[in-house]
Amino acid sequence: EGINYNTSEQTLQHLIEAVKNSTSFTLDTESVCIPYQPNKPALIQLQVIQENLFSYIILIEVCHLPHENTEKFELIRELFGYLFDPNNDIYVWGSIDELEKLMELHLFSSNQIYRSNNINSQDYF
-16 EGINYNTSEQ TLQHLIEAVK NSTSFTLDTE SVCIPYQPNK PALIQLQVIQ
34 ENLFSYIILI EVCHLPHENT EKFELIRELF GYLFDPNNDI YVWGSIDELE
84 KLMELHLFSS NQIYRSNNIN SQDYF
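The numbering of the sequence shown is the working numbering, which starts it at -16 and goes up by one.
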């Protein structure tokens, strides 16, 4: 499922419910290379792992989000609020610190990303 400015509120509500009902996730980010500048964040990839059900793969297109003052944007923020719950395990390829460069998007706070149990999957390879 892709999240961008075209995503319906109904779809966002459905994805929020999936995140609320899960405690295991994988998360990764992708950036775009810009010559002579720092890489620009482009995508947040989130897998919602549900016991005995199928997983959701959610691609958040950070360059194509709705405006901050819309209901859709608030729903996306709500999704991240549930994601970074202290009871959740989030498997990250690398450090969760890579989300710091996404703070300017106002989807989540620095405090939020450290509330969950973040597991660096690179440590196991």
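Heads up, the beta-carbon is just placed ideally off N, CA and C, and yes, glycines get one too.
Determine, using beta carbons only, whether residue i and residue j come nearer to each other than 8 Å.
i	j	result
Leu36	Leu10	no
Lys55	Leu(-5)	yes
Leu90	Arg60	yes
Val15	Tyr65	no
His47	Tyr(-12)	yes
Asn103	Asp72	no
Taking residue i as the reference, which of the options has the closest Cα?
i	options	result
Tyr39	Gln20, Leu85, Gln95, Thr6	Thr6
Gly(-15)	Asn22, Val45, Gln20	Val45
Gln(-7)	Tyr74, Leu62, Met86, Asn52	Leu62
Pro69	Glu0, Glu87, Phe8	Phe8
Asp106	Glu87, Leu26, Leu85, Ser78	Ser78
Asn22	Ser(-9), Ser92, Lys84, Leu88	Lys84
Glu51	Thr(-10), Ser92, Leu88, Ser(-9)	Leu88
Asn4	Glu13, Tyr19, Pro24, Val31	Val31
Trp76	Ser93, Thr12, Thr(-10)	Thr12
Ser(-9)	Pro24, Asp80, Pro49	Pro49
What distance in whole Å lies between the Cβ atoms of residue j and residue i, which are believed to be in contact at a cut-off of 8 Å?
i	j	result
Phe67	Gln33	Rounded, the Cβ-Cβ distance is 18 Å, inconsistent with contact.
Leu58	Leu42	Leu58 to Leu42, Cβ: 16 Å. No contact.
Who pairs with residue i in a beta bridge, going by DSSP?
i	result
Thr9	Gln30, Tyr74
Glu44	Leu26
Gly64	Per DSSP, none; premise fails for Gly64.
Ser14	Pro24
Tyr39	Val31
Classify residue i as buried or exposed, calling it buried when 16 or more other Cβ atoms lie within 10 Å of its own Cβ.
i	result
Ile17	exposed
Thr53	exposed
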